[in-house]
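K.L.:
One structure, pasted below without further comment.
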Amino acid sequence: MRFWVWAHKWSSLICTAFLLVLCVTGLPLIFRGEIDHALGYGTGGQAAARPAPLSAIEAAARVARPLGKIHFLVWEPDKPGVITLSIAPPGGKSFFDNENVLIDAATASPPSGGDRASPTQWLVDLHGTLLLGPMGPLVLGVPAVLFIVALVSGAVIYGPFARKAGFAKVRGGRTTRTAWLDLHNMLGAVILAWMLVVGATGLINTWGASIIRFWQMSELSTYAAQGTPPTGRTAPIDTIVDAARARYPDFQPYFVAYPGSLMAGERFHAVYLRGPDGLKEHIFQPVLIDSVTARVIGAPRPPWYISALALSQPLHFGDYGGLTLKVIWALLDLTTIAVLVSGLILTVSKGRKGPHDSLAEVAA
Amino acid sequence: MKSVLLFPVLVAVATLAGLVLALFGAGGWDLLACALLSPALILVGLLLARAVGALRA
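Order-wise, the sequence lines are chains A and B. Numbered according to our numbering, the first sequence terminates at residue 985, and the numbering increases by one at each position without gaps. Numbered according to our numbering, the second sequence terminates at residue 62, and the numbering increases by one at each position without gaps.
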């Protein structure tokens, strides 16, 4: 047991500062769509309006960023009627240097809130990379692992503690420290499963770019030989997307990866489609389209690790089940902050223990 | 397993089931998911109320 106490104490202490930043920045990100709309970003789009040709959307983005190279064209679910284009600036070294440009899907012009990404994008960058660029996810992987260690060790410690103190009890007539201890242990035990899911999916998300790069090198690259060598001319983007949709008529396009981007090949565009309902709505189906002839060259089933990565996004941000789930997510996020703060208070007050605290020397 | 540990295990299982079921889409699945997630939130509220009482005492 002493090992688990040691593991819980130090893993928690090291990752707490990171987790506080992640919990505080993650809270507004649960409602990112609503905040963007309230701030007037990406609100010009009319979801019901007849969409403009995608080639016109592309042209508008090229006017906005004449020197950039389009990497992704995205139909973001929380921005109906607006298309987001992720554009690599000249000299951009990685995906993290890309800029987002918003274009109204109906008018092929910048939406009323402007074509730039909203201030919440800064929060996304802080949450996902700590503003450290490509190194950020690697750095964040360390506290994510430590968080999982803290949760597992906390669960191991919790068993003997609960047998003595009872479940969901806050012992009265003791010291303030005992109240904090009970609060920390019980709140942690109640939301343990949720914290494990969010911690594990956060860890998977930190590996996202590496997972996709592995898939690109191991599987997508095998389709490169089937594409037509670049001739300098590219098929119209509308023809490319139509070819993918013809393959899966019930599916909706989610995003298009352009040649040279992380999720396509040098000779083909990759159109990622979402299923109409259920799990298919979250697990993408790629359709690889020859960039020159707009011929379908493959529709590989995503491997399990890509599906796991796709499912990790909604399971981490809680934005997949409507407003009720978002509110639940926010409350659980606030509870996690309470667990972290109570853990810090217990650590700081360790030298000031009361006479009745011998039952629970450790915070589980 | 001691009965005192059965309850937190049940809460954890219900939470996990709720998180997974919500992936299946809106409508009935969503409602069921929220129902499965609610015990954890009710317990959080209960514990916070008890802790505030203990801290004030």
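From the three backbone atoms N, C-alpha and C, an ideal C-beta is built for every residue, glycine too. Quick caveat, the model's predicted, so the values are computed rather than measured.
State yes or no: is the C-beta of A/C636 within less than 7 angstroms of the C-beta of A/P764?
P.N.:
Closer than 7 angstroms, so yes.
K.L.:
Counting only beta-carbon atoms, is B/A45 nearer than 7 angstroms to chain A?
P.N.:
yes
K.L.:
Going along chain A, which residues have a C-beta under 8 angstroms from B/G30?
P.N.:
D898, G899 and E902
K.L.:
Can the beta-carbon of A/A865 be found closer than 7 angstroms to that of A/I910?
P.N.:
yes
K.L.:
Measure the C-alpha to C-alpha separation of A/S839 and B/A27 and round it to an integer number of angstroms.
P.N.:
32 angstroms
K.L.:
Using the Cα positions of A/V766 and A/W836, report the straight-line distance between them to the nearest angstrom.
P.N.:
23 angstroms
K.L.:
Measure the beta-carbon distance from A/L772 to A/L817 and round it to whole angstroms, keeping in mind my assumption that it falls under 8 angstroms.
P.N.:
5 angstroms
K.L.:
Anything in the segment 941 to 971 of chain A with a Cβ closer than 8 angstroms to a Cβ of chain B? List those residues in chain order, please.
P.N.:
From the segment 941 to 971 of chain A, only Y941, G942, G943, T945, L946, I949, L952, L953, T956 and A959 have a Cβ closer than 8 angstroms to chain B.
K.L.:
Between the segment 921 to 938 of chain A and chain B, which residues of the former have CB atoms less than 9 angstroms from a CB of the latter, in chain order?
P.N.:
L932, P935 and L936
K.L.:
Return the chain-ordered ranges of every beta strand (DSSP E) run that is complete within the segment 869 to 894 of chain A and spans a minimum of 3 residues.
P.N.:
Within the segment 869 to 894 of chain A, the complete beta strand (DSSP E) runs of at least 3 residues are 873 to 878.
K.L.:
At a Cβ threshold of 7 angstroms, is B/R61 touching chain A?
P.N.:
no
K.L.:
Here's a check: name, in chain order, each residue in its chain whose Cβ is nearer than 6 angstroms to the Cβ of A/L706, leaving out the five neighbours to either side.
P.N.:
For A/L706, where only same-chain residues beyond five positions count, the Cβ hits under 6 angstroms are A682, I691, L694 and V722.
K.L.:
Name the two residues that bound the continuous alpha helix (DSSP H) containing A/D725.
P.N.:
A/D725 -> not in any alpha helix (DSSP H); beta strand (DSSP E) instead, spanning E720 to D725.
K.L.:
Give the interface partners of B/L42 over in chain A, defined as CB-CB distance under 7 angstroms, in chain order.
P.N.:
The contact set of B/L42 on chain A, defined by CB atoms closer than 7 angstroms, consists of I949 in chain order.
K.L.:
Using a Cβ-Cβ cutoff of less than 8 angstroms, which residues in the same chain neighbour A/P781 once the five nearest sequence positions on both sides are dropped?
P.N.:
M622
K.L.:
Can you find at least 3 beta carbon pairs, one from the segment 803 to 823 of chain A and one from the segment 42 to 59 of chain B, that sit closer than 8 angstroms?
P.N.:
yes
K.L.:
To the nearest angstrom, how far is the alpha carbon of A/I833 from that of A/W627?
P.N.:
Roughly 36 angstroms separates the two Cα atoms.
K.L.:
Interface residues of chain A around B/L10 at Cβ under 8 angstroms?
P.N.:
G780, A783, R784 and F788
K.L.:
Since A/V819 is in the alpha helix (DSSP H), which residue starts that stretch and which ends it?
P.N.:
L813 to T827
K.L.:
List the whole-angstrom C-beta distance separating A/T646 from A/L744, where the pair is believed to meet the contact cut-off of C-beta under 8 angstroms.
P.N.:
5 angstroms
K.L.:
What does a CB cutoff of less than 6 angstroms around A/K855 pick up in its chain, not counting 5 residues either side in sequence?
P.N.:
Note that residue 855 of chain A is Thr in the sequence shown here, rather than Lys. Excluding positions up to five away in sequence, the list reads S912.
K.L.:
For B/V49 and chain E, any beta-carbon pair shorter than 7 angstroms?
P.N.:
In the structure shown, chain E cannot be found, because the protein chains are A and B.
K.L.:
How about A/V791 and B/A59: are their beta carbons less than 7 angstroms apart?
P.N.:
yes
K.L.:
Does A/H692 come out as helix, strand or coil in the three-state DSSP assignment?
P.N.:
Three-state DSSP puts A/H692 in a strand.
K.L.:
Just the Cα atoms here: how many angstroms apart are A/G886 and A/A830?
P.N.:
15 angstroms
K.L.:
What residues in the segment 740 to 767 of chain A have a beta carbon less than 9 angstroms from any beta carbon of chain B?
P.N.:
Answer set for the segment 740 to 767 of chain A: empty.
K.L.:
Could you tell me which chain A residues have their CB closer than 7 angstroms to the CB of B/L15, listed as they occur along the chain?
P.N.:
Near B/L15 there are no residues of chain A at all, since even the closest Cβ is about 11 angstroms away, more than 7 angstroms.
K.L.:
Hey, could you find the ends of the alpha helix (DSSP H) A/T728 is sitting in?
P.N.:
Premise fails: A/T728 is in no alpha helix (DSSP H) and is neither H nor E.
K.L.:
Compare the Cα-Cα distances from B/L10 to each of A/L650, A/P923, A/G848 and A/Y779 and report the closest residue.
P.N.:
A/Y779
K.L.:
If you drop the 5 nearest sequence neighbours on each side, which residues of the same chain put their C-beta closer than 8 angstroms to that of A/E679?
P.N.:
I691, L694, L706 and I858
K.L.:
Are the C-beta of B/A54 and some C-beta of chain A separated by less than 7 angstroms?
P.N.:
no
K.L.:
Would you say B/A22 faces chain A, with C-beta separation under 7 angstroms as the test?
P.N.:
no
K.L.:
CB-CB under 6 angstroms to A/P755, same chain, minus the five flanking residues each way: which ones, in chain order?
P.N.:
These residues qualify, in order along the chain: S715 and F717.
K.L.:
For the segment 806 to 818 of chain A, which residues have a CB atom closer than 8 angstroms to at least one CB atom of chain B, in sequence order?
P.N.:
M807, L808, A810, V811, I812, L813, A814, W815 and V818
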